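Working notes, beginning with the structure itself.
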Amino acid sequence: MRSLKSLTMKAGMDLAQKSAALRSALEELDSVLVAYSGGTDSAYLAWAAHNVLGDRMLAVIADSPSLPRAELAAASVFAAEHNIPLEVLKTAELDDPDYQRNDAQRCFHCKDELFTRMEQTRAERGFRHIAYGMNLDDRGDFRPGQRAAAQHHAVAPLVTAQLTKPEIRQLAREAGLSLADKPASACLASRIEYGRPVTRENLSQVEQAEDALHKLGFRQVRVRHHGELARIEIARDALAGALTIEMLDRITAALKPLGFRYVTLDTQGYRSGSMNEVLPATAITPASK
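All residue numbers for the sequence shown refer to this note's numbering, where the first residue is -14 and numbers rise by one.
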């Protein structure tokens, strides 16, 4: 792997070279379990791994209350369309008090549960490695799950190939994959304000609320759960469509029956990780473990 890493660090690599580097990285793994969520990054990684390794790869998706049912169904359909072997693992992070309390390290505990289960499957099935869909752009974000991945020795072939998020989308388009332009979709727990316990009930509230907004025609949305208040983020290019009295009334009518006393529209629009904006610097420093 050292020579490949050296190659990918050279300046001026074009997309074809990065694609070749990804293929080489996957070939060197020999056999691999791919952590698969149904998002563009993990789906492209699973598709590429299957093309390179055939039945020496297995995509694994974690099924828990934090995964929307629509996302699980779509991920299963994509895998079936491309003959990607898929295993659904029931994970139990919601039984973990460290996860439930929903502090800044919640994502670590979730991914620790996933990778622990994947390690067991890897050993049972005789696969050599675990891989996940971190891309080059992810490295600068606050993502405690990356620490869990490192502790379980999960590899990131998209990073090895120096692929950014836009480049992965472009490669997916060139491959004719239907989810090339799929909006990002983090787990439902990421919508719940830090310090508010994660429960099946509030995860279901968020899922139903976002489903309702999708049915109203909004493609990229987040419903941030602040107890009795639902704070809605809509992509800025679609925000104007929400700013009519008629649409605001429809949004209110859809969300209030789900248990929200107040419904508000965030005028900044959708942005990834907005819940992290309230965290002090000390909270996002990875804890030693």
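Positions of the beta carbon are idealized from the N, C-alpha and C atoms, including for glycine. Predicted model, so just to flag it, every value in this text is computed and none were measured.
Identify the residues that DSSP records as bridge partners of H114: which are they? As a first step, residue 114 is located in the sequence shown; it is residue number 129 there, counting from the start. For H114, the beta-bridge partners assigned by DSSP are V17.
Tell me the DSSP secondary structure of E12 in three-state form. Taking the first residue of the sequence shown as position 1, residue 12 is located at position 27. E12 falls in the helix class under three-state DSSP.
For S51, which residues in the same chain have their Cβ closer than 8 Å to its Cβ, ignoring the five residues on either side in sequence? For the purposes of this step, residue 51 is taken as the residue at position 66 of the sequence shown. Closer than 8 Å at Cβ, skipping near neighbours: E78, L79, C95, C172, L173, A174, V183 and L188.
Grab the span of the beta strand (DSSP E) containing K75 for me, first residue to last. Residue numbering aside, residue 75 sits at position 90 when the sequence shown is read from its first letter. First-last of the beta strand (DSSP E) with K75: L71 to K75.
Tell me the DSSP secondary structure of R209 in three-state form. Start at 1 with the first residue of the sequence shown, and residue 209 comes out as number 224. Correct three-state label for R209: strand.
Between the CA atoms of M232 and D166 - distance to the nearest angstrom: Within the sequence shown, numbered from 1, the residue matching residue 166 stands at position 181. Within the sequence shown, numbered from 1, the residue matching residue 232 stands at position 247. Each residue's Cα considered, the two are about 26 Å apart.
To the nearest angstrom, report how far apart I219 and L201 are at their CA atoms. Looking up residue 219 in the sequence shown gives position 234. Looking up residue 201 in the sequence shown gives position 216. Here the alpha carbons of L201 and I219 stand approximately 12 Å from one another.
Check whether the region 99 to 114 touches the region 62 to 71, taking contact to mean three or more Cβ pairs, one atom from each stretch, closer than 8 Å. Contact between the region 99 to 114 and the region 62 to 71 is absent, with fewer than three C-beta pairs closer than 8 Å.
With a cut-off of 8 Å on the beta carbons, I'd call V17 and H138 a contact; round off their distance for me. Here the question's residue 17 lines up with position 32 in the sequence shown. Here the question's residue 138 lines up with position 153 in the sequence shown. About 12 Å separates the beta carbon of V17 from that of H138, a gap too long to meet the 8 Å contact definition.
The beta strand (DSSP E) spanning E290 covers which residue range? The structure shown does not extend to residue 290, since the chain is modelled only from -14 to 274, so the question has no answer here.
In this structure, how does DSSP classify D(-1) when only helix, strand and coil are distinguished? Here the question's residue -1 lines up with position 14 in the sequence shown. The answer is coil: DSSP assigns D(-1) none of H, G, I, E or B.
Does DSSP put D123 in a helix, a strand or coil? On the sequence shown, position 138 is the one that residue 123 refers to. Note: D123 maps to helix in three-state DSSP.
For V276 and T145, which I take to be in contact (beta-carbon distance under 8 Å), what is that distance rounded to the nearest angstrom? Lying outside -14 to 274, the shown extent of the chain, residue 276 is not represented and no answer is given.
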